[in-house]
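Report on the structure given below.
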Amino acid sequence: MNFNVITLFPKMFEPILGESIIKKARQSGLVDIEITDLRKFAEDKHHTVDDTPYGGGTGMLLKVDVMDRALKEATSNRQQAAGSNEAKQNLPPVPCTLHPIVILLSPQGEKFTSQMAKELAQEENLILICGHYEGFDERIREHLVDKQVSIGDYVLTGGELPAMIMIDAISRFVTGVLPAGAPDEDSHSIEKDGKPALEYPQYTKPAEYNGWKVPDVLISGDHAKIEQWKKANLKSASN
Ligand code: ADE
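Residue numbers (my numbering): 2 to 240.
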């Protein structure tokens, strides 16, 4: 599964996506994350990526020509990377999605859900575009993007945190990313309505802390009763 993120703030990503489970997924080749610096695609000496709106109005808009050049490079890098992997391993070239799914992070987009994460994890290549400042030239939405996605009903200062949230949630659905046999290996399975699977409360040692006790049944050793208790206490997972 390959992600390419187009952003004005490339340094924001490594501290988050270079740790923990996503770090391991990248090291084992299950997930590849490339960051494309939008500013590199500005053609003037001031590296201008935005400009004032035609017809007036406040704020600046990200420019369509700069975004188009960045997208073309993000797409062709992916194709070259796919080709060189196969060449290295003496394998026939695997057809690479000519047109990866291009997603614009925007508070006006379709709401991101577990179900969407699961569906997107079936794709080979995703390009995530992070907006910043006031907005985008509308032609970016009209001509360059397949889908607009919002992570929630609030406006953030940019699409970088939403992009990282999407990468994290989608990667959990890539086979092999969650460690085999880990207690939550199947906690990424989802219910029909797109909600995370139900889980029962879990406890570890000590059996009592500050007067807060682990339910007696769990330390009773009675497996039938324990199973009954787990079923009776299923609820929506909080993480
Ligand atoms: N950019 C700013 N706010 C956002 C949100 N809620 N979701 C996705 N991208 C955004």
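By construction, the Cβ of each residue, glycine as well, lies at the ideal position given by its N, Cα and C atoms. Please read these numbers as outputs of a predicted model, since none were measured by experiment.
DSSP-derived helix/strand/coil call for residue i
| i | result |
| --- | --- |
| residue 52 | strand |
| residue 16 | helix |
| residue 77 | helix |
| residue 42 | helix |
| residue 219 | helix |
| residue 72 | helix |
| residue 67 | helix |
| residue 231 | helix |
| residue 21 | helix |
| residue 202 | coil |
| residue 96 | Summary for residue 96: the model assigns pLDDT 49, below 50, so the residue's position carries little reliability; its value from the coordinates is reported in the next sentence. The answer is coil: DSSP assigns residue 96 none of H, G, I, E or B. |
| residue 108 | strand |
| residue 185 | Confidence is the limiting factor: at residue 185 the pLDDT is only 48, short of 50, which leaves the residue's position unreliable and the question unanswerable from this model. |
| residue 193 | Residue placement at residue 193 is poorly supported in this model, since its pLDDT is 48, which falls under 50; the coordinates still yield a value, given next. Of the three classes helix, strand and coil, the one that applies to residue 193 here is coil, per DSSP. |
Cβ distance (whole Å) where residue i is taken to contact residue j below 8 Å
| i | j | result |
| --- | --- | --- |
| residue 249 | residue 108 | The structure shown does not extend to residue 249, since the chain is modelled only from 2 to 240, so the question has no answer here. |
| residue 150 | residue 2 | With 8 Å as the limit, residue 150 and residue 2 do not qualify as a contact, their Cβ atoms being about 16 Å apart. |
| residue 164 | residue 129 | 4 Å |
| residue 136 | residue 62 | 5 Å |
| residue 106 | residue 7 | About 10 Å; that fails the 8 Å criterion. |
| residue 36 | residue 168 | No, residue 36 and residue 168 are not in contact; Cβ-Cβ is about 11 Å, not under 8 Å. |
| residue 172 | residue 32 | 5 Å |
| residue 104 | residue 124 | Not confirmed; about 10 Å, so no contact. |
| residue 50 | residue 18 | So it is not a contact: roughly 23 Å between Cβ atoms. |
| residue 152 | residue 166 | 5 Å |
Counted within 10 angstroms of its Cβ, other Cβ atoms place residue i as buried (16 or more) or exposed
| i | result |
| --- | --- |
| residue 221 | exposed |
| residue 216 | exposed |
| residue 64 | buried |
| residue 44 | exposed |
| residue 161 | buried |
| residue 115 | buried |
| residue 228 | exposed |
| residue 5 | buried |
| residue 48 | exposed |
| residue 59 | exposed |
| residue 29 | exposed |
| residue 212 | exposed |
| residue 234 | exposed |
| residue 224 | exposed |
| residue 16 | exposed |
| residue 199 | exposed |
| residue 208 | exposed |
| residue 177 | exposed |
| residue 132 | buried |
| residue 154 | exposed |
| residue 52 | exposed |
| residue 181 | exposed |
| residue 147 | exposed |
Along the chain, which unbroken stretches of the beta strand (DSSP E) at least 3 residues long are found entirely within the segment 110 to 175? 126 to 130 and 148 to 151
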